[in-house]
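Have a look at the structure below, then the notes.
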Amino acid sequence: MSRDRALLERALDRGEQDGGNVEFKERLSRDVHLEGGRRESLAAQLRHRLLSGDGEATYVVGVTDDGGLAGIDPETFSETMDVLSLLAEEADAHIEDVQTWGINEGLVGVAQVREGGVLETDDEHVVVGTAGHVDHGKSTLVGSLVTGKPDDGDGATRAFLDVQPHEVERGLSADLSYAVYGFDDEGPVRVRNPDRKADRAAVVQEADRLVSFVDTVGHEPWLRTTIRGLVGQKLDYGLLVVAADDGPTRTTREHLGVLLATDLPTIVAITKTDTVDEDRVEEVEREVERLLREVDKSPLRVSRHGVNAALEEISERVVPIVETSAITMEGLETLDELFDRLPKTAQDTGEFRMYVDRSYSVTGVGAVASGTVMAGEVEAGDELLIGPMSDGRFQEVEVRSIEMHYHRVDAAQAGRIVGIALKGIKESAIERGMVLLPRDADPDPVREFEAEVMVLNHPTRIGEGYEPVVHLETIGEAAAFYPEDGRLLPGDTGKSTVRFKFRPYLIEEGQKFVFREGRSKGVGTVTDVSPME
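First residue of the sequence shown: 1, per UniProt numbering; consecutive thereafter.
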C-alpha cells in the first residue's frame, strides 16, 4: 500500500470514530443533487453535521457509503466541489480546505466545511508595494509587521512571506510574495500563526481595515520581477527600505525610479537601526534625504515632525522617513499607525478588469488566475472573457470561486489581491499579461501603440528599432520603439510608436509603463492605441 493511501485510510478511520460530523459521498452532481428537494435535504444534512461538530464538518468524496476507496475522475471531482460549495452556502457555511489523494486512477478528497458564510469584502483595503536592495530587510520588516513578532537576527520573520523552498534556504526572494494584516477598533489584527492558511484567512475575516503587502525582489538580476510588482498591481503606497548598515545603493535608486514612474506616494523605512550607532543612522538618513531631493521629492522625518504631519503631507512629492528595526521593533508602532490611518489612493473606475499576474492549477478546482483587481467588481458565478490569446482571441470563462489571502469571498472589488478559479479554460492556456473582463466587453487587443516617453538612462541614444522590455500592468514583453523624431537622448522626452514583438495585449490610453534593457531605462504613458485588424 502506498504511503498516501495509508495516510488517507488512517484519516478515514479517524473520521468513522469521530462519528456525527463526517459525511461520505462518492460524488455530487448538479443534475441530480441540486434538483427538486434534494438541494434542501442535503443542505439540512450538512447543517446537522456542522451542529454535531461544533461548527465544523468533514466531507469525504470519492468513496462509497461504507468508506471504501473508489476514486472519481478530476472533472467529476471538480463538479462535486462546486455542488458542495453551493450546499455549504445554503447552510450558511463555507469550504475552508480540501486535501486530495490519487486512488485507482481517480481522486479521493477530504473537504473541511466550517460554519459561517463566505466573506463580503466591503471593508477598506490598502495595498502597499515594497522595494529596496537585497538584504536590506524588506521581507523581514513586513513579516514582523503582520505577525507582531520580532525577528531573531537571522531573518526568521522573512520566512512568513517567501513561498519557494529555495528562497527560504538561501534567504533571497526570487518572486513576488504577499502578506496581510489589518486593524479593528482595538488596534492591529495580526496573523497568529503564518504557517497556517486558516490564520491568514482569519485576518481577512476579522479586520475592519486590511493592509496587503506586495513584497518585491531586491536582488538586481530580478529587477524585472520587482518592476512587475510595482507596475502590475493596483498599489496605494510604496514602502522603500534602506538598511542603516549599508545606505542607499544603485538598486535603491533603481527602485526609487520605478516608484517615481508610477507616481506612487511612498514611505522610506530605514531598517536595521539596531546594527549601527546613532551617528550612522543619522548619516544614512541624510543620504536618503539627498537622494530624494535629487529627484524633486521633499523628505519628512517622522521622528521629528510626527505621524500626523506625515499623514497630512504624504503625497507624490512628500516622502515620510521612519527609522525601524525588526529585532527591537523600533518604528513598527509608527508604521502601524500610518497604515491604519492612511487613506486609500487607488481609484476604482469603470467595469471589472484584472490583469493576470500568475496562474496555477488546484486539484478539484481547476485553473486559477491570480492578480490585483484593477477596476470594478467580480462575483462568484460571473461570466467573463480572458485573453487575448496569441491570435488576439478572447475566451469565455465562468468564475467558480474567489479567494483573498486564503479566505473564500463572495466578491472582490478594485484593489483586492485575489485568486479566481475559472471554469472553461485549462491552466496551461493562461499567461501572465492576459486580462479578465466582463463577458459583454468588446476588447480590441493591440500589437502597436503610441506613447509619450522619457529616457532616464541610456549609454548613447534610442533610435528606430530599439528593443527593450516594456513593463505595463503585468505585461513584460519585448517591444520595438520608433521615435517620432528618429532618436531620443538621455533626459529627452518625446513621442514614439511602440510595437510588441511577439503577441498582442489589451492596452488602454493613459496607462503608464516602464521600459528597460540592461541599465538603460525609461518611462512612458500610452497616448493612443491601434487595434489589430
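Built from N, CA and C at the ideal position, the CB exists for glycine as well.
Residue 133: not part of any beta strand (DSSP E); DSSP gives it neither H nor E. Collapsing the DSSP output to three states places residue 75 in a helix. DSSP places residue 213 in no alpha helix (DSSP H) but in the uninterrupted beta strand (DSSP E) bounded by 209-215. Counting C-beta pairs with one atom in each stretch, the stretch 353-364 and the stretch 329-342 have fewer than three that are closer than 8 angstroms, which means they do not touch.
If you draw a straight line from the Cα of residue 147 to the Cα of residue 248, it comes to about 27 angstroms. Contact between the stretch 123-141 and the stretch 60-75 is absent, with fewer than three C-beta pairs closer than 8 angstroms. Note on geometry: alpha-carbon atoms of residue 433 and residue 443 lie some 14 angstroms from one another. Under a 10 Å Cβ-count criterion, residue 426 is classified as exposed, with fewer than 16 other Cβ atoms of the shown protein chains found around its own Cβ.
DSSP, reduced to helix, strand and coil, places residue 93 within a strand of the structure shown.
The continuous beta strand (DSSP E) containing residue 499 extends over residues 493-500. Annotation: residue 40 is outside any beta strand (DSSP E); the continuous alpha helix (DSSP H) that includes it extends over 38-52.
In the structure shown, the three-state DSSP call for residue 395 is strand.
Residue 430 and residue 483 have their C-alpha atoms roughly 33 angstroms apart. With a 10 Å radius around the Cβ and a threshold of 16 neighbouring Cβ atoms, residue 104 comes out exposed.
Residue burial annotation: residue 295 is exposed, with fewer than 16 other C-beta atoms found within 10 angstroms of its C-beta. Under the rule that a run must span 4 or more residues, no alpha helix (DSSP H) segment is found entirely inside the stretch 422-470. The beta carbons of residue 188 and residue 267 sit about 17 angstroms from each other, so the pair does not count as a contact at 8 angstroms. Per DSSP, reduced to three states, the secondary structure at residue 404 is strand. In the same chain as residue 485, and ignoring 5 residues on each side of it, the C-beta atoms closer than 7 angstroms to its own belong to 494, in chain order. According to the DSSP secondary-structure assignment, residue 353 is paired through a beta bridge with 375. Residue state for residue 246 is assigned as coil, using DSSP reduced to three classes.
Looking only at 258, 106, 184, the smallest Cα-Cα distance to residue 471 is reached by 258. Take the alpha-carbon of residue 99 and the one of residue 144: they are about 30 angstroms apart.
Using a Cβ distance threshold of 9 angstroms, residue 393 and residue 468 do not count as a contacting pair. With fewer than three CB-CB distances shorter than 8 angstroms, the stretch 269-280 does not count as touching the stretch 293-310.
A Cβ-Cβ contact shorter than 9 angstroms links residue 211 with residue 127. The shortest C-alpha to C-alpha distance from residue 383 to any of 73, 396, 336 is the one to 396.
Across the structure, residue 28 and residue 398 are spaced so that their CA atoms are roughly 20 angstroms apart.
Under the DSSP assignment, residue 358 falls in the beta strand (DSSP E) whose first and last residues are 358-362. Apart from the 5 residues on each side of it in sequence, residue 153 sits with its Cβ closer than 7 angstroms to the Cβ of 327 in its chain, given in chain order. DSSP places residue 87 within a helical segment (H, G or I) once states are collapsed to three. Residue 403 has its alpha-carbon roughly 25 angstroms from the corresponding atom of residue 476. The straight-line gap separating the alpha-carbon atoms of residue 305 and residue 283 is approximately 18 angstroms. Taken through DSSP and simplified to helix, strand or coil, residue 236 comes out as coil. For residue 112, DSSP records a beta bridge to 58, 97. Restricting attention to beta strand (DSSP E) runs no shorter than 3 residues, the stretch 259-315 encloses them at 266-271, 298-301, ordered along the chain.
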